[in-house]
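Read the structure below first, then the notes.
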Amino acid sequence: MTKYIGFIGLGKMGLPMAANLTRKGTHRVLAYDLSALPFEALSKHEAWGDNLHKADSLAELERCTYVIVMLPNSKATNRVVKGDEISEGLIDILQPGATIIDMGSSNPSETLQLGRLLAPRGIQLIDAPVSGSVAKAVLGQLTIMVGCDRNRLENLRPVLEQMGTNLISTGGIASAHTMKALNNYVYAAGLLAMSEAVNIAENLGLDLSVFAYILNNSSERNVATETKLEQFIISGKYSGGFSLELQAKDLRTAASLQEMSNFQATQLSACADLWDQAARSLPTDADNTEIHKYLRLISETRREKEAAQ
């Protein structure tokens with residue numbers, strides 16, 4: 032019997048992920064998005080009309096065994112799952128025994144609540160956020176954190192391994208979203224520290240290419256120095272592929288974990304506040320590497336105010 036997979040959210044990451052689900056030809060994929068633009072690209076895919084189809088409404092996902100949700104935040108995910116006054120959500124559409132796989136960077140507390148809401152309907156919620164760039168998504172080489180036990184992960188493996196090469200069982204529901212938020216904080220903190228250091232080095236007239244080489248050949252290297260510094264900051268391209276606004280959202284999620292964990296993380300709070308300020312000040316389509324530009328902007332503004340006094 033043919034198994035159907037629903038895929039909701041065809042953004043920069045979701046579009047190649049949905050396309051990759053057809054690689055083995057073992058499932059029929061029904062893709063759904065409010066925008067018509069992603070389907071212009073999908074319609075050129077070799078599986079289009081065969082194992083890859085457009086769903087014109089959520090109701091068409093009724094027969095799906097799995098529904099993958101790749102949306103930017105819990106608010107959007109909750110709307111799709113719970114529905115609203117205008118339309119039904121997945122909770123009313125899917126059959127008992129179906130599984131919803133939330134692969135976005137949702138808020139863990141919202142994930143827990145959603146899981147409790149779905150369970151009495153016989154629908155399981157799995158949180159499975161991803162780590163990796165758009166390029167990794169295209170190649171099907173994402174790291175996928177999965178909030179379930181190892182046995183359940185093995186059942187999901189035939190689906191997930193078409194999108195990622197590193198599947199990690201993180202524990203119970205919401206554990207993956209929690210680890211994803213903390214993981215993004217560590218990345219953002221590294222990018223922030225690097226951007227501050229580079230701005231200082233630049234103001235002192237140092238050779239940034241040499242500085243980048245030193246960072247990447249010493250214990251101070253991190254993913255930001257290795258994959259963002261020369262490629263997108265020194266080059267001035269600022270096109271790393273992940274929005275500054277989404278980075279700020281992920282940091283707010285990480286900061287909210289302080290209350291859940293009863294642990295005060297002052298650096299996390301400071302980092303989240305600064306990224307929030309940057310998101311409010313820069314264009315909505317700003318890349319996350321533009322935190323470097325924002326730091327320079329606020330430094331220059333501060334110096335101008337001091338000079339005017």
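Adding 31 to a residue's 1-based position in the sequence shown gives its number in the working numbering.
Just so you know, even glycine gets a beta-carbon here, dropped at the ideal spot from N, CA and C.
Bridge-paired residues (DSSP) for residue i
| i | result |
| --- | --- |
| asparagine 197 | Thr174 |
| glutamine 144 | Bridge partners of glutamine 144: none, in fact. |
| threonine 130 | Tyr97, Gln155 |
| valine 161 | Ile175 |
| aspartate 318 | Ser274 |
| alanine 62 | Phe38, Lys85 |
Continuous alpha helix (DSSP H) stretch holding residue i: start and end
| i | result |
| --- | --- |
| histidine 323 | 322-339 |
| leucine 184 | 181-191 |
| glutamate 233 | 206-234 |
| threonine 256 | Premise fails: threonine 256 is in no alpha helix (DSSP H) and is neither H nor E. |
| alanine 50 | 45-51 |
| serine 108 | The amino acid occupying residue 108 in the given sequence is threonine; serine does not appear at that position. Its alpha helix (DSSP H) spans residues 105-113. |
| leucine 237 | No alpha helix (DSSP H) holds leucine 237; DSSP gives it neither H nor E. |
Three-state class that DSSP yields for residue i in the structure shown
| i | result |
| --- | --- |
| glutamate 119 | strand |
| tyrosine 76 | Residue identity differs from the one stated: residue 76 is histidine in this sequence, not tyrosine. Looking at histidine 76 - three-state DSSP - the assignment turns out to be coil, as it is neither helix nor strand. |
| tyrosine 35 | strand |
| leucine 269 | Residue 269 is actually tyrosine in this sequence, not leucine. Note: tyrosine 269 maps to coil in three-state DSSP. |
| asparagine 247 | helix |
| lysine 167 | helix |
| alanine 90 | helix |
| alanine 150 | helix |
| leucine 380 | Shown here, the chain extends from 32 to 340; a query on residue 380 therefore has no answer. |
| leucine 20 | With the chain covering only 32 through 340, there is no way to say anything about residue 20. |
Residue range of the beta strand (DSSP E) that includes residue i
| i | result |
| --- | --- |
| leucine 83 | 83-85 |
- [ ] Mind the definition here: the stretch 208-216 touches the stretch 285-293 only if three or more C-beta pairs lie below 8 Å; say whether that holds.
- [x] Output reads yes: the stretch 285-293 touches the stretch 208-216.
Task: Contiguous alpha helix (DSSP H) assignments of at least 4 residues, all confined to the stretch 278-314 - done: Entirely contained in the stretch 278-314, the alpha helix (DSSP H) runs reaching 4 residues are, in chain order, 297-312.
Open item on the list: With a threshold of 8 Å, are at least 3 pairs of Cβ atoms found where one atom belongs to the stretch 130-142 and the other to the stretch 158-175?
Closed with: The stretch 130-142, when compared against the stretch 158-175, does touch it at the 8 Å Cβ threshold.
Open item on the list: For the stretch 117-129 against the stretch 167-184, do three or more pairs of beta-carbon atoms, one drawn from each stretch, fall closer than 8 Å, so that the two count as touching?
Closed with: These segments do not touch.
Open item on the list: With a threshold of 8 Å, are at least 3 pairs of Cβ atoms found where one atom belongs to the stretch 268-279 and the other to the stretch 307-314?
Closed with: Verdict: yes, contact present.
- [ ] Would you check if there are 3 or more beta carbon pairs closer than 8 Å linking the stretch 53-66 to the stretch 81-88?
- [x] Yes, the stretch 53-66 touches the stretch 81-88.
Task: Inter-stretch contact at 8 Å, needing at least 3 Cβ pairs: the stretch 42-58 / the stretch 188-203 - done: When Cβ pairs closer than 8 Å are counted between the two stretches, the stretch 42-58 is seen to touch the stretch 188-203, the count reaching three or more.
Task: Three or more C-beta pairs below 8 Å linking the stretch 199-206 and the stretch 217-236 - done: No, the stretch 199-206 is not in contact with the stretch 217-236.
Open item on the list: Any contact between the stretch 68-85 and the stretch 97-114? By contact I mean 3 or more CB pairs, one from each, below 8 Å.
Closed with: With fewer than three CB-CB distances shorter than 8 Å, the stretch 68-85 does not count as touching the stretch 97-114.
Task: Sufficient close CB pairs (3 or more, under 8 Å) joining the stretch 100-113 to the stretch 139-148 - done: With a cut-off of 8 Å, the stretch 139-148 and the stretch 100-113 count as touching, because enough Cβ pairs lie within range.
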